[in-house]
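One structure is given here, and the rest of the page talks about it.
2 protein chains.
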Amino acid sequence: MSDDRGEATPGRRGGRGARERILRAADRLFYAEGINATGMERLTDVAQVSKRTFYQHFPSKNALVEEYLHRLDTIAAPPRERALARDDLLPRDRLLALFALFAADPAGPATGEARLRGCPFHNAAVETAGTVPAVERAVVRHKEAFTRLLTETAQAAGATDPAALGRQLAVLFEGATALATSLNDPAPLADARAAAAVLIDTARARPERAG
Amino acid sequence: MSDDRGEATPGRRGGRGARERILRAADRLFYAEGINATGMERLTDVAQVSKRTFYQHFPSKNALVEEYLHRLDTIAAPPRERALARDDLLPRDRLLALFALFAADPAGPATGEARLRGCPFHNAAVETAGTVPAVERAVVRHKEAFTRLLTETAQAAGATDPAALGRQLAVLFEGATALATSLNDPAPLADARAAAAVLIDTARARPERAG
DNA sequence: GCAGAAGTACACCGATCGTTCTACTTTGGT
DNA sequence: ACCAAAGTAGAACGATCGGTGTACTTCTGC
């Protein structure tokens, strides 16, 4: 396997990359197979790390879960955030580009590919069911940050009430990924995109209206 | 749900009707605490049933999970379906009523109440991560049935493309419950309702546009 | 009033959970 | 060359997982 030396992590001496491999394994397994379903045996196996080494880097599995979420939020800002930062697109198209990310495949239900797993933060919230405060906090922090990003872009797009549009688009995106997970089919992303276009254009044309 | 805490009568359990009690306990625990997090010990305890009795009614825990989902879909059609069937409301208002179900509390983040847990089918899909085919099928069946219901109501509301509007509203509702779960705050329901109103009205007005 | 279904208690099974431990090897700076 | 840091393998801990086995006690219909 590739052995890119893990550069020294802040505050601790960099070793031979065990910590990095652990986090990479967590990234993959916690997301694809679930947090509860991933045992320490499996995790250390994939990370190519002994259990002893694991517990020299993390006090517990829970601590790794927290670090896993923290990393997702701060270091590895994935395609979503980048789509909203594309300066080659108009703000409106940036918002729409978000929904095209996973909807590329028009072939229907996952054609032999990996299972769709939705948002790792939401999944963590579902799996822990509110029993792990640190996880709960991380999830809320992430969702609020994402909504803020949407709101900023909504403002750039000239929405009358950017905060309202931002929240609505956040709901829409959450629903698209959640439903895609339940159905194991990216089709809802396309529906969400169409709905987003309507919401954005309406929000620019006239002020928000109550139901 | 006030005194299902056993041990009130030491040595005596619940008596006849074990299967019903088991299913009721599953309803509560699988939903509120998660499927994986609910062990057989806990389950039989709450159901006031001995383990032996449980396994005379169900071949395995997985079988109970399947029955739990099957029941949710067929027998106990909860508020959602009923909201869409209210004949005291116009079709448009029926659709909107859906989003008012859990949004009643304007007090913000769960005020000491039970944690918001979203859709039990979606949660089951997340928890099992595609490893239990019967669960996967049940989830898909439910989501498709719900979308069908929305489509029918969308048609009654006079949408030009009822299927498209139905799917969009399904995404919106899924997002509202999912985000409410992640944030443990029903606020997204209100945002979804506002968005739904826009989508419905646009879907009715746009293509005809005559007057 | 009695057969038998339905229920009870609870010890126990092997497997796996997260975690700790002992014992040993590799690595890199001085 | 030496030593501490960082790594390795893997046995084993107690707890809990889903699931069984044995032996006993109701309740109910006939």
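As given, the protein sequences belong to chains B and E, one line each in that order.
Mapping to full-length UniProt numbering: the first sequence position 42 is 42, numbers consecutive.
Mapping to full-length UniProt numbering: the second sequence position 120 is 120, numbers consecutive.
Virtual Cβ for every residue (Gly too), placed ideally from N, Cα, C.
List the residues of chain E that residue i touches, going by C-beta distances under 9 Å, in chain order.
i: Ala145 (chain B); result: Near Ala145 (chain B) there are no residues of chain E at all, since even the closest Cβ is about 12 Å away, more than 9 Å.
i: Asp191 (chain B); result: Ala164, Arg167, Gln168, Ala170 and Val171
i: Pro91 (chain B); result: Chain E residues near Pro91 (chain B): none, gap ~19 Å exceeds 9 Å.
In three-state DSSP terms, what is residue i?
i: Gly108 (chain B); result: The pLDDT assigned to Gly108 (chain B) is 49, lower than 50, so where the model puts this residue is not dependable, and the model offers no usable value.
i: Leu169 (chain E); result: helix
i: Thr131 (chain E); result: coil
i: Pro186 (chain E); result: coil
i: Leu101 (chain E); result: coil
i: Thr44 (chain E); result: helix
i: Asn36 (chain E); result: coil
i: Val49 (chain B); result: coil
i: Asp73 (chain E); result: helix
i: Leu89 (chain B); result: coil
i: Arg28 (chain E); result: helix
i: Leu149 (chain E); result: helix
i: Leu23 (chain E); result: helix
i: Leu116 (chain B); result: coil
i: Leu95 (chain E); result: helix
i: Leu84 (chain B); result: coil
i: Ala196 (chain B); result: helix
i: Gly175 (chain E); result: helix
i: Thr160 (chain B); result: coil
i: Phe121 (chain B); result: helix
i: Pro59 (chain E); result: coil
Are residue i and residue j touching if we call contact CB-CB under 9 Å?
i: Phe30 (chain B); j: Asp73 (chain B); result: no
i: Thr151 (chain B); j: Gly175 (chain B); result: no
i: Ala129 (chain E); j: Arg115 (chain B); result: yes
i: Phe99 (chain E); j: Leu189 (chain E); result: yes
i: Val138 (chain E); j: Leu69 (chain E); result: Reading off the sequence, residue 138 (chain E) comes out as Ala, not Val. In this structure, Leu69 (chain E) lies closer than 9 Å to Ala138 (chain E) by Cβ.
i: Ala196 (chain B); j: Leu84 (chain B); result: no
i: Glu67 (chain E); j: Lys51 (chain E); result: no
i: Ile22 (chain E); j: Ala47 (chain E); result: yes
i: Ala157 (chain B); j: Leu101 (chain B); result: no
i: Leu199 (chain B); j: Val198 (chain E); result: yes
i: Ala164 (chain B); j: Ala194 (chain E); result: yes
i: Arg28 (chain E); j: His57 (chain E); result: no
i: Leu149 (chain B); j: Glu81 (chain B); result: yes
i: Leu183 (chain E); j: Lys61 (chain B); result: no
i: Phe173 (chain B); j: Ala145 (chain B); result: no
Can you name the residues of chain E whose CB is closer than 8 Å to the CB of residue i?
i: Ala205 (chain B); result: Simply none; closest approach about 11 Å.
i: Gly130 (chain B); result: Arg115 and Asn184
i: residue 213 (chain B); result: Missing from the structure shown is residue 213 (chain B); chain B here goes from 1 to 211 and no further.
i: Asp88 (chain B); result: Near Asp88 (chain B) there are no residues of chain E at all, since even the closest Cβ is about 27 Å away, more than 8 Å.
Below 8 Å CB to CB, which residues in the same chain sit around residue i once its five sequence neighbours on both sides are set aside?
i: Ile75 (chain E); result: none
i: Pro133 (chain B); result: none
i: Ala32 (chain B); result: Ala114, Arg115 and Arg117
i: Arg141 (chain B); result: Asp73
i: Gly39 (chain E); result: none
Skipping 5 residues on each side, what residues in its chain have a beta carbon closer than 7 Å to that of residue i?
i: Thr181 (chain B); result: Leu116, Arg117 and Gly118
i: Glu127 (chain E); result: Gly34, Ile35 and Asn36
i: Thr202 (chain E); result: none
i: Ala97 (chain B); result: Ala83, Arg86 and Leu89
i: Pro106 (chain B); result: Residue confidence is low: Pro106 (chain B) scores 46 on pLDDT, short of 50, so the model does not pin down where it sits. Its coordinate-derived value is still stated next. If we look at Pro106 (chain B) and ignore the five residues flanking it on each side, it has no Cβ neighbours.
Could you list which residues in chain B have their beta carbon closer than 9 Å to that of residue i, in chain order?
i: Glu149 (chain E); result: It is worth fixing the name first, because residue 149 (chain E) is Leu in this sequence and not Glu. Residues of chain B passing the Cβ test: none, with the nearest at roughly 15 Å.
i: Pro120 (chain E); result: Neighbours of Pro120 (chain E) on chain B: none; closest Cβ ~10 Å, over 9 Å.
By Cβ distance below 6 Å, which residues in the same chain neighbour residue i in space, the five residues on each side in sequence not counted?
i: Asp161 (chain E); result: none
i: Ala125 (chain E); result: Val139
i: Gly17 (chain E); result: none
i: Thr153 (chain E); result: Leu84, Pro91, Arg94 and Leu95
Name, please, each residue of chain B whose Cβ falls closer than 8 Å to the Cβ of residue i.
i: Thr181 (chain E); result: His122, Ala125 and Val126
i: Leu199 (chain E); result: Ala195, Val198 and Leu199
i: Glu152 (chain E); result: Those within 8 Å of Glu152 (chain E) in chain B number zero; the least Cβ separation is about 17 Å.
Can you pull the chain B residues whose beta carbon is under 7 Å from the beta carbon of residue i, in chain order?
i: Glu174 (chain E); result: Gly175, Ala178 and Leu179
i: Pro133 (chain E); result: Here the premise fails: no neighbours, minimum Cβ distance about 11 Å.
Can you pull the chain E residues whose beta carbon is under 7 Å from the beta carbon of residue i, in chain order?
i: Pro79 (chain B); result: Going along chain E, no residue has its Cβ under 7 Å from Pro79 (chain B), so there is no contact; the nearest lies around 19 Å.
Inset, instruction - Please list the residues of the UniProt domain "HTH tetR-type" (16 to 76) of chain E that have a C-beta atom closer than 8 Å to any C-beta atom in chain B, keeping them in chain order. - result: Along the UniProt domain "HTH tetR-type" (16 to 76) of chain E, the positions whose C-beta sits under 8 Å from a C-beta of chain B are Ala32, Glu33, Gly34, Asn36 and Ala37, read in chain order.
Inset, instruction - For the stretch 156 to 172 of chain E, enumerate the residues whose C-beta is nearer than 8 Å to any C-beta of chain B, in chain order. - result: Of all residues in the stretch 156 to 172 of chain E, those with a C-beta nearer than 8 Å to a C-beta of chain B are Ala164, Arg167, Gln168, Ala170, Val171 and Leu172, reading in chain order.
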